[in-house]
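In the numbering used here, the protein residues as written are 2 to 546.
Note that CB positions come from ideal geometry on N, CA and C, so glycine has one too.
Right, one structure below, let's go through it.
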Amino acid sequence: LTLLPVLCSWLMARGVRERRNRVLDGIKSVYARGLDRCLVRPWATTLGCAAVLALTLLLVPTIGAEFMPKLDEGALWVRATMPYTISYDEAAKISPQIRAILRSFPVVTTVTSELGRPDDGTDSTGFFNDEFFVGLKPYAQWQGKYRDKADLIAAIDKRLQAFPGIQFNYTQPAEDAVDEAETGLKSALAVKIFGHDLQTLQDKGKAIKQVLEHVRGIRDVTLVHELGQPSLSIRLDRAKLARYGLNVDDVNGLIETAIGGSVATQVVQGEKQFDLVVRLDRRYRDNPQEIGAIPVTTPDGAQIPLKEFAQIGVTDGASFIYRENNSRYIGVQFSVGGRDLAGAVGDAMTQVARNVKLPSGYRLDWGGEYKEYTASRAQMGVILPVTLFVIFLLLFVLYGNIKFPFITVLGVLLSAPAGGILAQWLTGTPFSVSSGIGYIVLFGVSVLTAVVYISYVNELRRSGVEMNAAIREGAILRLRPIMMTALVAAFGLLPAALASGVGTDSQRPFALVIVAGMLTRLALSVFLMPALYAIVARPDDRLEV
């Protein structure tokens, strides 16, 4: 609005001499013949474009949907979940064996591992958790049987099956951190079972895990075990205690001192003081039978073994208790591969609802990336209509009537989405936030090309050109700027749509929708917009340009 007029006044002060362009003249000649046929039957042209859109809409259910495209980081993050009761010594023996297997693959450059919790204490995991960073060569240097990362993961997983009882999960370094922040667990997707009883949660978690393992596209299903930590259980019989004249608090104090220890006195070394803790020797407190033999002195001086009035044994206790919003839950982690996110999780939800019945007071929450997807879908369901409505209002202000804004928006809806949908179907690109933003941009640019045509036709009519002649002449004379606008947008984003390097995954759906949409928009709109204008235009129209 400011710079361009100044530049034109400088650079075009002596005028511009246009030379004939044979290519453009040929295109205009062919276009004029097709345009004449369309203007004879404007309703048939409009219905034909509507039929093209309807056919592409039939492809929508087969395209699938996801939150965001997976961003390839050029590396792997492998998580090994061992039995919860494993000791540090045993886990430390397994870790280098797994590293050796990972390092044996020719496309792997670096393997490092983290056993247990980090030094900063930000993750309260145990020695059962071992995480491996696997650096990879650039894909251009890959040779042999590994075509992509999916083939490599399949080969790695096959080799790691040599470790029975260990569950492996495959993701990427940054993605792993984001997934854990989203779900509260160590996976991108998880279903959380909320309830109050740990054993019931464990049982329902196992049932859901079995169902998910048979859903197409669901992979790496693991149950976050909360039970399984060996715990010493001592249950006192109050009736027997009363028979011996014993008090529960006194017996509890004795057990606490014998097993946990209590402060007997303090040792002074110079200016330092240390508590002296007294408890039974390890061989007497690590064995339930020995604990049961601890003598308890009754009020009359008798020595009664603890096992006479207590049930002593080892039970499965809680290793972890996960909570969210002050509610206890257990998680079933999984990932999706070979299928779109929405379709796989949708089938999983249906199968779980059909095969797993939850008691009263228990509920499921499908979280992680799927929750982000549903939230973004709801937002897009608001943003797209609002965008079209705002465009309509702006056009109404521009033209001063409803018919021209109406055919502008209708022309965009009938011609622009078809190419994007077809391109997504052909390339197997699911709907996502990235592609949704691409459609918004596509609608905006498409409206621009429609305004270029309608404004010029209105200008011709205001200058005295007959209405039908103005419709035809405006279409032919505005063909070049419309083509330039559409092709510049399409070819400008073509490299992004065709790129396949590391980091291009998130931009590809955005660019693909715009490139394909602009091409089909160009091919259809140059016939559709004149046809729509011919349908609604009347000699007494208010003509604003």
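Beta-carbon proximity check, residue i vs residue j, cutoff 8 Å
i: I292; j: I305; result: no
i: A191; j: T201; result: no
i: V249; j: L237; result: yes
i: D506; j: D73; result: yes
i: T388; j: I331; result: no
i: Y147; j: A141; result: no
i: G75; j: T110; result: no
i: M468; j: A538; result: yes
i: V516; j: L494; result: yes
i: M83; j: I154; result: no
i: P70; j: S336; result: no
i: F164; j: I219; result: no
i: I64; j: P431; result: yes
i: I483; j: V453; result: yes
i: L161; j: I235; result: no
i: G518; j: L427; result: no
i: F129; j: Y89; result: no
i: A131; j: S114; result: The identity of residue 131 in the sequence shown is Asp, whereas the question assumes Ala. Taking 8 Å as the Cβ cut-off, D131 and S114 qualify as a contacting pair.
i: F133; j: I99; result: yes
i: A189; j: G369; result: yes
Spatial distance of residue i from residue j (CA atoms)
i: C50; j: V79; result: 50 Å
i: Q173; j: T521; result: 37 Å
i: V391; j: K150; result: 44 Å
i: A66; j: L60; result: 13 Å
i: L40; j: S464; result: 22 Å
i: R217; j: N356; result: 16 Å
i: V31; j: A491; result: 22 Å
i: D317; j: K159; result: 32 Å
i: F195; j: V212; result: 18 Å
i: V466; j: I472; result: 9 Å
i: L513; j: L77; result: 27 Å
i: A14; j: R20; result: 18 Å
i: E181; j: A451; result: 47 Å
i: V225; j: L499; result: 40 Å
i: V268; j: V278; result: 10 Å
i: V108; j: D152; result: 12 Å
i: D276; j: T258; result: 14 Å
i: N402; j: L48; result: 24 Å
i: D198; j: A354; result: 20 Å
i: V398; j: S328; result: 53 Å
Where residue i falls, given that 16 or more other Cβ within 10 Å makes a residue buried
i: P557; result: Past the edges of the chain, shown from 2 to 546, lies residue 557, and the structure says nothing about it.
i: N170; result: buried
i: P406; result: buried
i: Y371; result: buried
i: I322; result: exposed
i: L529; result: buried
i: L4; result: exposed
i: R462; result: buried
i: L395; result: exposed
i: R479; result: buried
i: L2; result: exposed
i: A303; result: exposed
i: K241; result: exposed
i: Q1; result: With the chain represented from 2 up to 546, any question about residue 1 goes unanswered, as that position is not in the structure.
i: G246; result: exposed
i: N459; result: buried
i: S10; result: exposed
When the options are compared against residue i, the one with the closest alpha-carbon
i: N22; options: R481, V527 and D158; result: R481
i: K210; options: Q274, M530, V333 and G145; result: V333
i: I438; options: L461, L385 and A487; result: L385
i: L365; options: R118, F129 and E325; result: E325
i: I260; options: N288, L443, L25 and L8; result: N288
i: F68; options: A379, Y374, V514 and A470; result: Y374
i: G35; options: I403, I477 and A189; result: I477
i: G338; options: V268, E257, D221 and I408; result: D221
i: G382; options: D301, A470 and S433; result: S433
i: P231; options: I87, P300, S263 and K187; result: I87
i: D37; options: G475, A487, A55 and M519; result: G475
i: R280; options: A294, V297, G262 and Q267; result: G262
i: Q352; options: S105, E214 and I295; result: E214
i: L54; options: L525, P43, G401 and Y534; result: L525
i: I408; options: A33, P43 and I28; result: P43
i: Q274; options: A178, V264 and Y400; result: V264
i: D301; options: L411, R244, D542 and V413; result: R244
i: V112; options: K138, E309 and A92; result: K138
i: T57; options: Y534, Q425, I536 and L523; result: Q425
Any non-hydrogen atom of the ligand ADP closer than 7 Å to residue i Cβ
i: D341; result: Judged by which ligands are present, the structure shown has none, so any question about the ligand ADP falls away.
Quick check: the segment 252–261 against the segment 351–361, are at least 3 beta-carbon pairs closer than 8 Å? no
Under 8 Å: do the segment 434–449 and the segment 406–422 share three or more Cβ pairs, one atom per stretch? yes
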